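2 protein chains.
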Amino acid sequence: MSGDKDHIIKSYDSELARLTGEIVRMGELSVTQLEAAIDVLDRRDERAAQRVVGNDDAIDQLEQEISHDVVRLLALRAPMAGDLRNVFAALRIAADIERIGDYAANVAKRSIPLSMMAPVAPVGGLGYLAELAAASVREVLLAYRDRDAERAYQVWKEDVVLDEAYTGYFRQLLTYMMEDPRNITPCTHLLFMAKNIERIGDHATNIAENVWFQVIGEPLNKQRSKGDFTSSPEMTKLGAPAM
Amino acid sequence: MSGDKDHIIKSYDSELARLTGEIVRMGELSVTQLEAAIDVLDRRDERAAQRVVGNDDAIDQLEQEISHDVVRLLALRAPMAGDLRNVFAALRIAADIERIGDYAANVAKRSIPLSMMAPVAPVGGLGYLAELAAASVREVLLAYRDRDAERAYQVWKEDVVLDEAYTGYFRQLLTYMMEDPRNITPCTHLLFMAKNIERIGDHATNIAENVWFQVIGEPLNKQRSKGDFTSSPEMTKLGAPAM
Numbered sequence: 009m010s011g012d013k014d015h016i017i018k019s020y021d022s023e024l025a026r027l028t029g030e031i032v033r034m035g036e037l038s039v040t041q042l043e044a045a046i047d048v049l050d051r052r053d054e055r056a057a058q059r060v061v062g063n064d065d066a067i068d069q070l071e072q073e074i075s076h077d078v079v080r081l082l083a084l085r086a087p088m089a090g091d092l093r094n095v096f097a098a099l100r101i102a103a104d105i106e107r108i109g110d111y112a113a114n115v116a117k118r119s120i121p122l123s124m125m126a127p128v129a130p131v132g133g134l135g136y137l138a139e140l141a142a143a144s145v146r147e148v149l150l151a152y153r154d155r156d157a158e159r160a161y162q163v164w165k166e167d168v169v170l171d172e173a174y175t176g177y178f179r180q181l182l183t184y185m186m187e188d189p190r191n192i193t194p195c196t197h198l199l200f201m202a203k204n205i206e207r208i209g210d211h212a213t214n215i216a217e218n219v220w221f222q223v224i225g226e227p228l229n230k231q232r233s234k235g236d237f238t239s240s241p242e243m244t245k246l247g248a249p250a251m
Numbered sequence: 009m010s011g012d013k014d015h016i017i018k019s020y021d022s023e024l025a026r027l028t029g030e031i032v033r034m035g036e037l038s039v040t041q042l043e044a045a046i047d048v049l050d051r052r053d054e055r056a057a058q059r060v061v062g063n064d065d066a067i068d069q070l071e072q073e074i075s076h077d078v079v080r081l082l083a084l085r086a087p088m089a090g091d092l093r094n095v096f097a098a099l100r101i102a103a104d105i106e107r108i109g110d111y112a113a114n115v116a117k118r119s120i121p122l123s124m125m126a127p128v129a130p131v132g133g134l135g136y137l138a139e140l141a142a143a144s145v146r147e148v149l150l151a152y153r154d155r156d157a158e159r160a161y162q163v164w165k166e167d168v169v170l171d172e173a174y175t176g177y178f179r180q181l182l183t184y185m186m187e188d189p190r191n192i193t194p195c196t197h198l199l200f201m202a203k204n205i206e207r208i209g210d211h212a213t214n215i216a217e218n219v220w221f222q223v224i225g226e227p228l229n230k231q232r233s234k235g236d237f238t239s240s241p242e243m244t245k246l247g248a249p250a251m
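Structure representation (structure tokens):
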């Protein structure tokens, strides 16, 4: 009997390790998608953009498989408190990665109509946002792999840099739109693409919160100001003057 | 022993019924949030908007509790194929409702800066989109409550109406922006708000797909054209002419 129990515990641990590996790989795939989306935008390559959009199905599929693995893991052993935290973290982190993949695919999707328009100056600014977001996702995946709460906390804290860069870019886009009505349509695409990337950063902080909770057992303090600042009252000023 | 087994099965069924009830209530709350968000926009009521934003925490909290209930349910009995479908549907539908709540809160959040700007004509058009989205969510919640695959399918099919209304509204906003640069900032808020509502419709169709799978055991055919059409190549034309 005790041999049986050892066997069950061992397979639980190895299942959990396999699950973590799957989730990290899925996360790396989502970062690659984001980088590919920016790359096709720079190259104005419509067919490559379609490929990025198509690849998102693979991430969705992985997320479904991970959910099934989680349930199998639960069936293997009625989990204890610490194990339950692992299981929840796996479910939630996989869901966040799936969302990151969706946002990356959206960026690629919007690069298709953009590639058919006359180039507009501020396209380049999007790459910087994407770099920040990709670095956050990579970093938080390592924190998850190594169960490193402190590393997760750093990612969480640094998201403000991406938020500020997004707000700056948003303002820049508005001025281009006000300058010349022909910029309005391409710039609305860039607005949505920038927003998608800012949301990827939010999902990296969600993952950081889940890693923290998994390791520490208590929620990360949510006092930090979050989200973008473009919906804050001060942005109303930009709408006031006629140009 | 057989009495014990009956008892376990009974409590599993009653737990599942309770879970379904919780999810439907959570869904109703998210629809109420969307309607409140549009209402505060019409009344330009900043404090009411803040309340809507604050209420979103309650939905997030509910979703966390539902995830915990799902795991408790799994621990009660290693589920069979049909039960597993119920459990997955519950997890996924709760996650979709949580996203619907997020989008509703985003709509309310953007109504705050809008209420401080001079009113712009196309604000009214947002209400129609919200009505369509709210009706879809309400309808798919009933389909979920009654395990009614056909009703879910109707919601799924009808999402194209919201998509088309969104695309029309998006085009309308672009023309206002091109007409007068002072419209650009308020209209970018409206663009994001409209997109949030269009996404609520997408989550209603996700729920419909989960209801279908739960009842029928096979995925709903995904051939229907989905998403908004504003990132389609034909939208590039709008950017071409100088005005």
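Protein chains in written order, with my numbering: chain A, 9 to 251; chain B, 9 to 251. For glycine and all other residues, C-beta sits at the position ideal for the given N, C-alpha and C. If you're wondering where the values come from, they're calculated on a predicted model, not measured in any experiment.
Contacts around residue i, its chain only, beta-carbon distance under 7 Å, and the 5 residues preceding and following it disregarded
| i | result |
| --- | --- |
| Asn218(A) | Ala97, Arg100 and Ile101 |
| Asp104(B) | His211, Asn214 and Ile215 |
| Leu24(A) | Leu81 and Asn94 |
| Asn114(B) | Asn204 |
| Met124(A) | none |
Chain B contact for residue i (CB, 8 Å cutoff)
| i | result |
| --- | --- |
| Pro130(A) | no |
| Leu134(A) | no |
| Ala141(A) | no |
| Leu27(A) | no |
| Thr213(A) | no |
| Pro189(A) | yes |
| Val115(A) | no |
| Ala173(A) | no |
| Lys165(A) | no |
| Leu246(A) | In this prediction, Leu246(A) has a pLDDT of 46, which is less than 50 and means its spatial position is unreliable; what the coordinates show is noted afterwards. With 8 Å as the cut-off, Leu246(A) counts as an interface residue toward chain B. |
| Leu82(A) | yes |
| Ser75(A) | yes |
| Leu228(A) | no |
Residue i versus residue j - alpha carbon distance
| i | j | result |
| --- | --- | --- |
| Asp77(B) | Arg26(B) | 10 Å |
| Asp120(A) | Thr183(B) | First, the amino acid is wrong: residue 120(A) is Ile here, not Asp. Cα-Cα distance, rounded: 22 Å. |
| Ala112(B) | Leu122(B) | 16 Å |
| Leu199(A) | Leu181(A) | 7 Å |
| Phe178(A) | Tyr20(B) | 51 Å |
| Val61(A) | Val168(B) | 20 Å |
| Ile67(A) | Ala56(A) | 17 Å |
| Val48(A) | Asn63(A) | 14 Å |
| Asp50(B) | Val95(A) | 44 Å |
| Val252(A) | Arg118(A) | This structure gives no information on residue 252(A), because the portion of chain A shown stretches from 9 to 251. |
| Glu54(B) | Pro227(B) | 43 Å |
| Glu43(A) | Gly29(B) | 42 Å |
| Lys165(B) | Asp188(B) | 37 Å |
| Leu149(A) | Tyr174(B) | 36 Å |
| Asn191(B) | Ala202(B) | 16 Å |
| Arg153(A) | Val39(A) | 16 Å |
| Ala116(A) | Gly225(B) | 33 Å |
| Leu92(A) | Ala138(B) | 38 Å |
| Leu37(A) | Ala142(A) | 11 Å |
8 Å CB neighbourhood of residue i in its chain, flanking five on each side removed
| i | result |
| --- | --- |
| Val223(B) | Arg155, Asp156, Ala157 and Ala160 |
| Pro130(A) | Tyr177, Gln180, Leu181, Tyr184, Cys195 and Leu198 |
| Leu82(B) | Val95 |
Within-8 Å CB hit, residue i to chain A
| i | result |
| --- | --- |
| Phe96(B) | yes |
| Met34(B) | no |
| Phe200(B) | yes |
| Ile192(B) | yes |
| Val79(B) | yes |
| Ser19(B) | no |
| Ala103(B) | yes |
Residue i burial status per 10 Å Cβ neighbour count (16 or more: buried)
| i | result |
| --- | --- |
| Glu71(B) | buried |
| Pro127(B) | exposed |
| Arg80(A) | exposed |
| Ser3(B) | Since the first residue shown for chain B is 9 and the last is 251, residue 3(B) is missing from the structure and cannot be characterised. |
| Val59(A) | The residue asked about is misnamed: residue 59(A) is Arg in this sequence, not Val. So Arg59(A) ends up on the exposed side. |
| Asp171(A) | buried |
| Asp65(B) | exposed |
| Arg33(A) | exposed |
| Glu147(B) | buried |
| Glu73(A) | exposed |
| Asn204(B) | buried |
| Gln41(B) | buried |
| Gly109(A) | buried |
Spatial neighbours of residue i in its chain, beta-carbon cut-off 6 Å, leaving aside the 5 residues before and after
| i | result |
| --- | --- |
| Gly135(B) | Ile46 |
| Gly133(A) | Tyr177 |
| Thr193(B) | none |
| Ser144(B) | Val163, Gly209 and Ala212 |
For the segment 55 to 143 of chain B, which segments carrying the alpha helix (DSSP H) assignment without a break, of at least 4 residues, lie completely within its bounds, in sequence order? Taking only runs of at least 4 residues, the alpha helix (DSSP H) segments lying wholly in the segment 55 to 143 of chain B are 89 to 123.
Which full runs of the beta strand (DSSP E) of 3+ residues lie inside the segment 142 to 212 of chain A, going along the chain? Correct list: empty.
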